[in-house]
Amino acid sequence: MRSTLYRCLWIVPLLGLSLPLTLAFEPSVEKGISEFPKLSAATDWPWWRGPLRNGDATSAGAVPTAFKPKDATWKVPVPGRGHSSPIVVGQRVFLTTADEKAQVQSVLAFDRQSGKQLWKKDISQGGFPKRNHSKNTEATATIACDGERLFVVFFHHEALHTTALDLDGNEQWKIKAGAFNPQRYEYGYGTSPIIYRGTVIVTGEYDGASFIAAFDRKTGKEVWRTPRTNSISFSTPTVGHVAGKDQMLISGQEQVASYDPATGKQLWSTAGTTHATCGTMVWSGDMVFASGGYPKAETIAVKADGSREVLWKNNQKCYEQSMIAVDGYVYGLTDNGILFCWEGKTGKEMWKQRLRGPVSASPVLAGGNLYQANELGTLYVWKPNPEKFEMVAENQIGNDSFPSPAVAGGQIFLRVADSSGGKRQEFLYCFGKQR
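Under our numbering, the first residue of the sequence shown is numbered 54, with each subsequent residue one higher.
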């Protein structure tokens, strides 16, 4: 998810859908899709980092690699300002946004076929923090959807508030998830809600009573609450079936940690990363990978079997953006625009390639290619090849790009802004075949 001290994209995520892909997953991950019968891993992108919560869109079909704004299937203006990534469910695309002058936070729904705005639901008014980081917004956390409800988290009135809507924008329930009032680093909020089985999980980490808490998806009733260190960080947790069990993984606060997503009980933790991180962790087999942050830079690999063994680490930094693991290799586009490929087991640097930073958006694997944009609106497409760097295309979409792509059903959706005319305007683009 995103934004902190010196930038942070935290847009965030989660749950378990199944599909055959190049990333290695335990068979039990496939159970997740049966719990959400109204979702399809091939045609939906229902939460932060997609159906498998790791940026993989292999089952979504081929999407364009080279395109220009004029090639868009459709393009529509987005009111307000936000860095949340789009999600796609059925025939609709959903976003959060904020009118910063009026201090209104809202959810938007667009028609997937035409891009037409279908509805706008105002969730809150007033109570915005006095200060926020210049690269953050008041609508940075990405929506999570279980196929029936949209789960939204906003920061206002010194607290995190979670709202459930149906797909037509009707409120189902609203709760105060927990106090949130950063004083030392007033950089706002950006951690996305995640879904696991019957719960929606919300994270709030700051110089106060930090927590991770799970709430019943149907009622909003609290199921469990786990304290975290009173220290600001911005990473969205993820859930993967790693080392034989479901693990909720999160970095930051000078540690890499794993929790049981059903109970909130800590499974293991080890010293690693930095004080603050923003990117969501990734995994391959029984290995997990994290990167950050502030005040130092570190990328780390840990054995997730409970041994807490650190396999390797280096001094590279993917602070706001997440990394991605493909076929046992880890790809990370660092803050200053250097793309690395590391061997997952050893950390051996396979190659590096200078692109251009700064970077906040996270990568997506689709059609055998990796897609990732920098903050300047350059969307790079390259092959996940550990032997050498292979650029496929370099696209320019807008000139302000913080949200990550959504890929579903042969389409790619991008939220970008354009300030070329002297006035900033956000747009939502759809590229790919019309459904």
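We treat Cβ as the ideally placed atom computed from N, Cα and C, and that holds for glycine.
(request) Give a yes or no on whether the C-beta atoms belonging to residue 331 and residue 284 are separated by under 7 Å. (result) For the purposes of this step, residue 331 is taken as the residue at position 278 of the sequence shown. For the purposes of this step, residue 284 is taken as the residue at position 231 of the sequence shown. No, these two residues do not count as a Cβ contact at 7 Å.
(request) Identify every residue that forms a DSSP beta bridge with residue 304. (result) Position 251 of the sequence shown, counting from 1, holds the residue named residue 304. For residue 304, which the question treats as bridged, DSSP gives the partners 309.
(request) Taking 7 Å as the cut-off, decide whether the C-beta atoms of residue 451 and residue 486 are in contact. (result) Residue mapping note: residue 451 aligns to position 398 of the sequence shown, counting from 1. Residue mapping note: residue 486 aligns to position 433 of the sequence shown, counting from 1. No.
(message) Can you tell me which residues form a DSSP beta bridge with residue 384?
(response) Translated into positions along the sequence shown, residue 384 becomes position 331. In the DSSP output, where bridge partners are listed per residue, residue 384 has 377 and 394.
(message) On the DSSP bridge list, what partners appear for residue 173?
(response) On the sequence shown, position 120 is the one that residue 173 refers to. Paired residues: 161.
(request) From the DSSP output, in three-state form, read off residue 358 for me. (result) Here the question's residue 358 lines up with position 305 in the sequence shown. Note: residue 358 maps to coil in three-state DSSP.
(request) Put residue 117 into one of helix, strand or coil per three-state DSSP. (result) Stepping through the sequence shown from its first residue, residue 117 is reached at position 64. Looking at residue 117 - three-state DSSP - the assignment turns out to be coil, as it is neither helix nor strand.
(request) May I have the straight-line CA-CA distance separating residue 256 from residue 364, to the nearest angstrom? (result) Locating residue 256 in the sequence shown gives position 203, where the first residue counts as 1. Locating residue 364 in the sequence shown gives position 311, where the first residue counts as 1. Roughly 27 Å separates the two Cα atoms.
(request) Just the C-alpha distance for residue 349 and residue 327, rounded to the nearest angstrom, thanks. (result) On the sequence shown, residue 349 is found 296 positions in, with the first residue counted as 1. On the sequence shown, residue 327 is found 274 positions in, with the first residue counted as 1. Roughly 6 Å between the two C-alpha positions.
(message) Can you check which of these residues, 419, 407, 397 and 172, is closest to residue 391 by C-alpha distance?
(response) Stepping through the sequence shown from its first residue, residue 391 is reached at position 338. If we check each option's Cα against that of residue 391, 407 comes out closest.
(request) Please go through the same chain and pick out, in chain order, the residues whose beta-carbon is closer than 7 Å to the beta-carbon of residue 356, but skip the five residues on each side of it. (result) Within the sequence shown, the letter at position 303 stands for residue 356. Same-chain partners within the cutoff: 339, 340, 362 and 364.
(request) Closer than 6 Å by C-beta to residue 214: which residues in its own chain qualify, once you throw out the five before and the five after it? Chain order, please. (result) Here the question's residue 214 lines up with position 161 in the sequence shown. Contacts found: 207 and 229.
(message) According to DSSP, residue 471 sits in a beta bridge with which residue or residues?
(response) The sequence position of residue 471 within the sequence shown is 418, counting from 1. Note: residue 471 sits in a beta bridge opposite 478.
(message) Per the DSSP calculation, residue 340 is bridged to which residue(s)?
(response) To locate residue 340, count along the sequence shown from 1; it is residue 287. In DSSP, residue 340 forms a bridge with 337 and 356.
(message) Between 442, 455 and 444, which has its C-alpha nearest residue 430's C-alpha?
(response) Your numbering for residue 430 matches position 377 in the sequence shown. Looking at the Cα atoms, 455 is the closest of the given residues.
(request) Measure the beta-carbon distance from residue 135 to residue 192 and round it to whole angstroms, keeping in mind my assumption that it falls under 8 Å. (result) Taking the first residue of the sequence shown as 1, we reach residue 135 at position 82. Taking the first residue of the sequence shown as 1, we reach residue 192 at position 139. The Cβ separation is near 3 Å, so the contact holds.
(message) Bridge partners for residue 198 per DSSP, in chain order?
(response) Start at 1 with the first residue of the sequence shown, and residue 198 comes out as number 145. Beta-bridge pairing links residue 198 to 203.
(message) Can you give me the C-alpha to C-alpha distance between residue 375 and residue 481, rounded to a whole angstrom?
(response) On the sequence shown, residue 375 is found 322 positions in, with the first residue counted as 1. On the sequence shown, residue 481 is found 428 positions in, with the first residue counted as 1. Answer to the nearest angstrom: the Cα atoms are 22 Å apart.
(request) Under the assumption that residue 139 contacts residue 468 (Cβ atoms under 8 Å), give the Cβ distance between them as a whole number of angstroms. (result) Numbered from 1 along the sequence shown, position 86 holds the residue referred to as residue 139. Numbered from 1 along the sequence shown, position 415 holds the residue referred to as residue 468. Right, the Cβ-Cβ distance comes to about 6 Å (below 8 Å), so this counts as a contact.
(message) Just verifying my parser: in three-state terms, what is the DSSP assignment at residue 279?
(response) To locate residue 279, count along the sequence shown from 1; it is residue 226. Strand.
(message) With distance defined between alpha-carbon atoms, name the residue in 443, 448 and 459 nearest to residue 415.
(response) Numbered from 1 along the sequence shown, position 362 holds the residue referred to as residue 415. Selected option, being the one with the closest Cα: 459.
(request) Just confirm the distance between the C-beta atoms of residue 309 and residue 293, as a whole number of angstroms; I'd bet it's less than 8 Å. (result) As a first step, residue 309 is located in the sequence shown; it is residue number 256 there, counting from the start. As a first step, residue 293 is located in the sequence shown; it is residue number 240 there, counting from the start. Not really, about 13 Å apart at Cβ, beyond 8 Å.
(message) Tell me the rounded alpha-carbon separation between residue 124 and residue 484.
(response) Indexing the sequence shown from 1 puts residue 124 at position 71. Indexing the sequence shown from 1 puts residue 484 at position 431. Their Cα atoms are separated by approximately 7 Å.
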